[in-house]
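Taking it in order: structure first as C-alpha cells, then the write-up.
There are 2 protein chains.
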Amino acid sequence: MEIPKSHPRYLSLTTREKLVKGVREGLAVLEGLIAHGRGEAFDYILGEKSHDFALEAERAAVALMKLAEHPVISVNGNAASLVAEELVELSKTLNAPLEVNIFHYSKERVEKIAKKLEEFGGTVYYRGDAVLEGIDHARRIVDSRGILKADVVLVPLEDGDRCEILKKHGKKVIAIDLNPLSRTARMADITIVNNITRAIPEMIKFAKEITKEEAKEVLRNYDNKTVLKRAIEAIREHLTKMAEDVMNA
Amino acid sequence: MEIPKSHPRYLSLTTREKLVKGVREGLAVLEGLIAHGRGEAFDYILGEKSHDFALEAERAAVALMKLAEHPVISVNGNAASLVAEELVELSKTLNAPLEVNIFHYSKERVEKIAKKLEEFGGTVYYRGDAVLEGIDHARRIVDSRGILKADVVLVPLEDGDRCEILKKHGKKVIAIDLNPLSRTARMADITIVNNITRAIPEMIKFAKEITKEEAKEVLRNYDNKTVLKRAIEAIREHLTKMAEDVMNA
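Okay, here's the thing in C-alpha cells:
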C-alpha cells in the first residue's frame with residue numbers, strides 16, 4: 005500500500021518498508037521486524053540522530069578493527085536488508101570479511117543474504133563448517149575462516165546470547181544496539197548506540213581517515229561504560245524535553 | 005523455529021510469536037510487527053507492568069464508555085492477534101460493539117478479523133458503508149451503525165491520524181498507547197499507557213464493578229495531561245534505576 009505523503013510519520017514508515025521488502029525477499033524474518041520496531045522506539049527517544057557518544061564509539065570500533073589480526077563483520081537478515089552495500093564498503097575499507105550469521109536459521113536464507121552481499125562485491129563467509137561451543141541455537145554455527153578464528157567481531161543488531169558467547173571465546177565484540185541497557189550493549193567491548201543506517205556510513209568515513217597510530221591513541225582513551233552512561237543520560241534529557249512539550253501543549 | 009527456554013528473553017520472544025502467528029493467519033500485516041516492536045520497547049522502559057496512572061486511565065475509560073450512548077471498540081489486526089477473546093468480553097460487558105478498522109486495507113483481512121472476533125461470540129461491524137471525511141487513507145471507511153454514529157471510541161494501538169479525525173468528528177477518544185509522547189497519546193481524551201494484553205483484562209474487571217454513579221465521579225476527577233506526565237516520569241525513573249545498574253555492574 006502507498007503511504008500518503010501527508011502522514012506525519014511518512015519517513016519512519018518508508019524506512020520500515022525497506023525491512024518489509026527484506027522480508028518479502030527472504031532476507032529477514034518476521035521476528036526481525038519486531039526487533040526493528042524496538043530499535044525504532046529507542047531511536048525515537050534518543051532524538052533520531054548520531055550523538056557524540058555514538059560517533060566516539062564508532063571511531064573506537066574502527067580503530068579496534070584496524071588494529072585487529074582477523075576482524076570479521078557478522079551480518080544478519082535485518083542488517084542485510086538495511087545496509088548491505090554499506091557493509092560491503094566497510095568490509096573492504098577495513099579488510100574485514102563478512103560472515104552471515106542468523107538466529108532463525110535456514111540454509112536458504114543464509115545463501116540469500118550471502119548473495120545480496122556478493123552482488124555488491126563483498127567477500128562473504130557462510131560455509132558453516134565450525135561450531136562455537138556453549139550456545140544452544142542455530143547461531144553456534146560459524147565459518148572456520150571467519151568468526152571461529154576472529155579476534156574482533158562487529159555484530160550489528162545482535163542479541164545478548166550471541167555477544168556473550170563471542171566474549172567467552174575470547175573475542176573482542178563491537179555491538180551496534182540502540183538500547184543502551186540491553187545485555188548486548190552492556191557486554192560488548194565497544195557499544196555503538198546508534199541507528200545502523202547512520203552508523204555504518206559514519207564508520208566508513210572514519211575507516212578511510214584513521215591511521216594505525218591514531219587508532220592506538222583512540223583506544224587508549226576509550227571507556228565503554230561512560231559511553232553507555234552518556235547514552236542513557238541522552239534519553240533522559242530528550243524525554244525531559246519532550247515531557248515539557250507535552251505539558252505546555 | 006523453537007526458541008530455547010534458556011534464552012534470557014524467552015517470554016518476550018514467545019509473545020512476539022503470537023503476533024507472528026497473527027501475520028501468518030492474515031490478521032496482522034508486516035508493518036504491524038514493527039509497530040508492535042516499538043510498543044515492546046516502551047513497555048520495557050516502563051518496567052513491563054501496569055502503573056497506577058494506567059489503571060486510573062483504564063477506570064476512566066470504562067467510566068466514559070459506561071456513560072456513552074454509542075460506545076464502539078475499534079479493532080485492528082494487531083489487537084485481534086493479541087486479545088481477540090478479551091476484546092469480545094469487554095465489548096459484551098460494556099455493551100459496546102466491535103468495529104474492524106485497519107490501516108493497510110484489504111477486504112479479505114477485514115473479514116478475517118471479523119470472523120476471529122465472531123468466533124468468540126462478538127458483535128462485529130465491518131460493513132464499511134460510510135466515510136469519515138478529512139482522512140486520506142483506507143481508514144476513512146467506517147460502518148454507519150458503528151464509528152460513524154459513535155460518541156465514544158476505544159482505539160487500541162492506533163496512529164495519530166486516526167485519533168485526530170475521530171476528534172474532528174466530535175467523538176471522545178480512548179487510546180491504548182505505550183508511547184506517552186505519541187500524537188495519539190496526546191490527542192486522546194483518555195490515554196492508557198499500558199500493554200494491551202494487560203489493559204484489556206483489567207478494563208473487563210473495572211467494567212464489571214463500576215456503577216454509573218461511580219463512573220460520573222471517576223470522570224469528574226480525571227486529568228489526562230497529568231496521566232501523561234506521570235507516564236513520562238515513570239519512564240525517566242525506570243531509566244535512572246537501570247542506568248545505576250549499568251554503572252554498578
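Here the protein sequences line up with chains A and B, keeping their order. Okay, so the first sequence: first residue is 5 according to the working numbering, each after it adds one. Okay, so the second sequence: first residue is 5 according to the working numbering, each after it adds one. All C-beta atoms, glycine included, are put in the ideal place defined by N, C-alpha and C.
So with Cβ pairs under 9 Å, would you call residue 20 of chain B a contact of chain A? Sequence index remark: in the second sequence, residue 20 of chain B carries index 16 (1-based). Look at residue 20 of chain B: its C-beta is under 9 Å from a C-beta on chain A.
Members of the stretch 216–233 of chain B that neighbour chain A once the beta carbon cut-off is set at 8 Å: Within the stretch 216–233 of chain B, the residues whose Cβ lies closer than 8 Å to some Cβ of chain A are 229, 232 and 233, listed in chain order.
Tell me whether residue 22 of chain A sits in a helix, a strand or coil according to DSSP, three-state version. Sequence index remark: in the first sequence, residue 22 of chain A carries index 18 (1-based). In the structure shown, residue 22 of chain A falls within a helical segment according to DSSP collapsed to helix, strand and coil.
If you count every other CB in all the chains shown that lies within 10 Å of the CB of residue 70 of chain A, and 16 or more means buried, which is it? By one-based count along the first sequence, residue 70 of chain A stands at place 66. Label assigned to residue 70 of chain A: buried.
Here's a check: name, in chain order, each residue in its chain whose Cβ is nearer than 7 Å to the Cβ of residue 188 of chain B, leaving out the five neighbours to either side. What you label residue 188 of chain B is simply residue 184 of the second sequence in a count that begins at 1. The beta carbon of residue 188 of chain B is closer than 7 Å to those of 162, 163, 164, 167, 179 and 181 in its chain, skipping five residues each way along the sequence.
In this structure, does DSSP put residue 176 of chain B in helix, strand or coil? For the purposes of this step, residue 176 of chain B is taken as the residue at position 172 of the second sequence. Three-state result, residue 176 of chain B: strand.
For residue 198 of chain A, which residues in the same chain have their Cβ closer than 6 Å to its Cβ, ignoring the five residues on either side in sequence? Indexing the first sequence from 1 puts residue 198 of chain A at position 194. 54 and 58.
Would you kindly report the start and end of the unbroken alpha helix (DSSP H) that includes residue 86 of chain B? Taking the first residue of the second sequence as position 1, residue 86 of chain B is located at position 82. DSSP places residue 86 of chain B in the uninterrupted alpha helix (DSSP H) bounded by 81–98.
Which of helix, strand or coil DSSP assigns to residue 201 of chain A: The residue labelled residue 201 of chain A in the question sits at position 197 within the first sequence. Residue state, collapsed to three classes: helix.
Residue 150 of chain B versus residue 241 of chain A: straight-line alpha-carbon distance, rounded: Here residue 150 of chain B refers to the residue found at position 146 of the second sequence. Here residue 241 of chain A refers to the residue found at position 237 of the first sequence. Counting only the Cα atoms, residue 241 of chain A lies some 43 Å from residue 150 of chain B.
Limits of the beta strand (DSSP E) - the one that residue 195 of chain A falls within: Within the first sequence, the letter at position 191 stands for residue 195 of chain A. Boundaries of the beta strand (DSSP E) around residue 195 of chain A: 194–196.
Please classify residue 185 of chain B: does DSSP put it in a helix, a strand, or coil? Walking along the second sequence from the start, residue 185 of chain B turns up at place 181. It is coil, neither helix nor strand.
Can you look up residue 31 of chain A in the DSSP assignment and give me helix, strand or coil? By one-based count along the first sequence, residue 31 of chain A stands at place 27. Three-state result, residue 31 of chain A: coil.
Buried or exposed for residue 254 of chain B, going by 16 or more other Cβ atoms inside 10 Å? Nothing about residue 254 of chain B can be read from this structure; chain B reaches only from 5 to 253.
Listing by chain order, which chain B residues have their CB less than 7 Å from the CB of residue 243 of chain A? By one-based count along the first sequence, residue 243 of chain A stands at place 239. At a beta-carbon threshold of 7 Å, the residues of chain B lying near residue 243 of chain A are 236, 239 and 240, ordered along the chain.
At the level of alpha carbons, what is the spacing between residue 43 of chain B and residue 82 of chain B? As a position in the second sequence, residue 43 of chain B is number 39, starting the count at 1. As a position in the second sequence, residue 82 of chain B is number 78, starting the count at 1. The straight-line gap from Cα to Cα measures roughly 11 Å.
With 9 Å as the threshold, decide whether the Cβ of residue 57 of chain A is near any Cβ in chain B. Working through the first sequence from its first residue, we reach residue 57 of chain A at position 53. Judged by the 9 Å Cβ criterion, residue 57 of chain A is not in contact with chain B.
Using the Cβ count rule (16 or more neighbours within 10 Å means buried), how would you classify residue 26 of chain A? Here residue 26 of chain A refers to the residue found at position 22 when the first sequence is read from its first residue. Residue 26 of chain A sits buried, since 16 or more C-beta atoms from the chains shown fall within 10 Å of its C-beta.
With residue 74 of chain A and residue 203 of chain A assumed to form a contact (beta carbons below 8 Å), what rounded beta-carbon distance in angstroms separates them? Your numbering for residue 74 of chain A matches position 70 in the first sequence. Your numbering for residue 203 of chain A matches position 199 in the first sequence. Rounded, the Cβ-Cβ distance is 22 Å, inconsistent with contact.
Taking residue 27 of chain A as the query, report the chain B residues whose CB atoms sit under 8 Å from its CB, ordered along the chain. Start at 1 with the first residue of the first sequence, and residue 27 of chain A comes out as number 23. Near residue 27 of chain A (Cβ distances below 8 Å), the residues of chain B are 34.
Give the straight-line distance between the Cα atoms of residue 218 of chain A and residue 63 of chain A, rounded to the nearest whole angstrom. In the first sequence, the residue the question calls residue 218 of chain A occupies position 214. In the first sequence, the residue the question calls residue 63 of chain A occupies position 59. About 10 Å.
Helix, strand or coil at residue 130 of chain A [DSSP, three-state]: Position 126 of the first sequence holds residue 130 of chain A. Coil, per DSSP.
Closest to residue 79 of chain A by C-alpha separation, out of A/200, A/159 and A/113, would be which residue? One-based indexing of the first sequence puts residue 79 of chain A at position 75. Of A/200, A/159 and A/113, the residue nearest in Cα terms is A/159.
Against chain B, does residue 146 of chain A count as a neighbour if the rule is that its beta carbon must be under 9 Å from one of theirs? Taking the first sequence and counting its residues from 1, the one referred to as residue 146 of chain A is at position 142. Cβ-Cβ to chain B under 9 Å: no for residue 146 of chain A.
Would residue 196 of chain B and residue 226 of chain B be called neighbours here (beta carbons separated by less than 9 Å)? As a first step, residue 196 of chain B is located in the second sequence; it is residue number 192 there, counting from the start. As a first step, residue 226 of chain B is located in the second sequence; it is residue number 222 there, counting from the start. Against a cut-off of 9 Å, the Cβ pair of residue 226 of chain B and residue 196 of chain B comes out as no contact.
Compute the beta-carbon to beta-carbon distance between residue 233 of chain A and residue 250 of chain B, rounded to the nearest angstrom, for a pair I have assumed lies under 8 Å. Locating residue 233 of chain A in the first sequence gives position 229, counting from the first residue. Locating residue 250 of chain B in the second sequence gives position 246, counting from the first residue. That belief holds up - the Cβ atoms of residue 233 of chain A and residue 250 of chain B are roughly 7 Å apart, short of 8 Å.
Taking C-beta to C-beta, are residue 88 of chain A and residue 120 of chain A nearer than 9 Å? In the first sequence, residue 88 of chain A corresponds to position 84, counting from 1. In the first sequence, residue 120 of chain A corresponds to position 116, counting from 1. The Cβ atoms of residue 88 of chain A and residue 120 of chain A sit closer than 9 Å to each other.
Give me the subset of the stretch 70–90 of chain B whose CB atoms are less than 9 Å from a CB atom of chain A, sorted by chain position. Using a CB distance below 9 Å, no part of the stretch 70–90 of chain B faces chain A.
Chain-ordered neighbours of residue 24 of chain A on chain B, where CB pairs are closer than 7 Å: Walking along the first sequence from the start, residue 24 of chain A turns up at place 20. Those within 7 Å of residue 24 of chain A in chain B are 34 and 35.
Against residue 45 of chain A, what residues of chain B qualify as contacts under a CB-to-CB distance less than 9 Å, listed in chain order? Stepping through the first sequence from its first residue, residue 45 of chain A is reached at position 41. In chain order: 41, 42, 43, 44, 45, 46, 48, 49, 182 and 183.
Euclidean distance between Cα positions of residue 40 of chain B and residue 91 of chain A: For this step, residue 40 of chain B is matched to residue 36 along the second sequence. For this step, residue 91 of chain A is matched to residue 87 along the first sequence. One C-alpha to the other measures close to 27 Å.
With 9 Å as the threshold, decide whether the Cβ of residue 31 of chain A is near any Cβ in chain B. In the first sequence, counting from the first residue as 1, residue 31 of chain A sits at position 27. No - not a single Cβ of chain B is within 9 Å of the one on residue 31 of chain A.
Test item: CB-CB of residue 4 of chain A and residue 38 of chain B under 9 Å: The first residue shown for chain A is 5 and the last is 253, placing residue 4 of chain A beyond what the model contains.
So the beta strand (DSSP E) residue 71 of chain B belongs to, where does it begin and stop? Here residue 71 of chain B refers to the residue found at position 67 when the second sequence is read from its first residue. Where residue 71 of chain B is concerned, there is no enclosing beta strand (DSSP E), although the alpha helix (DSSP H) around it starts and stops at 56–71.
Which class does residue 158 of chain B belong to by DSSP, given the choice of helix, strand or coil? In the second sequence, residue 158 of chain B corresponds to position 154, counting from 1. Residue 158 of chain B falls in the strand class under three-state DSSP.
For residue 61 of chain B, decide whether its Cβ has a neighbour in chain A, counting only Cβ atoms nearer than 9 Å. What you label residue 61 of chain B is simply residue 57 of the second sequence in a count that begins at 1. No, residue 61 of chain B does not count as interfacial toward chain A.
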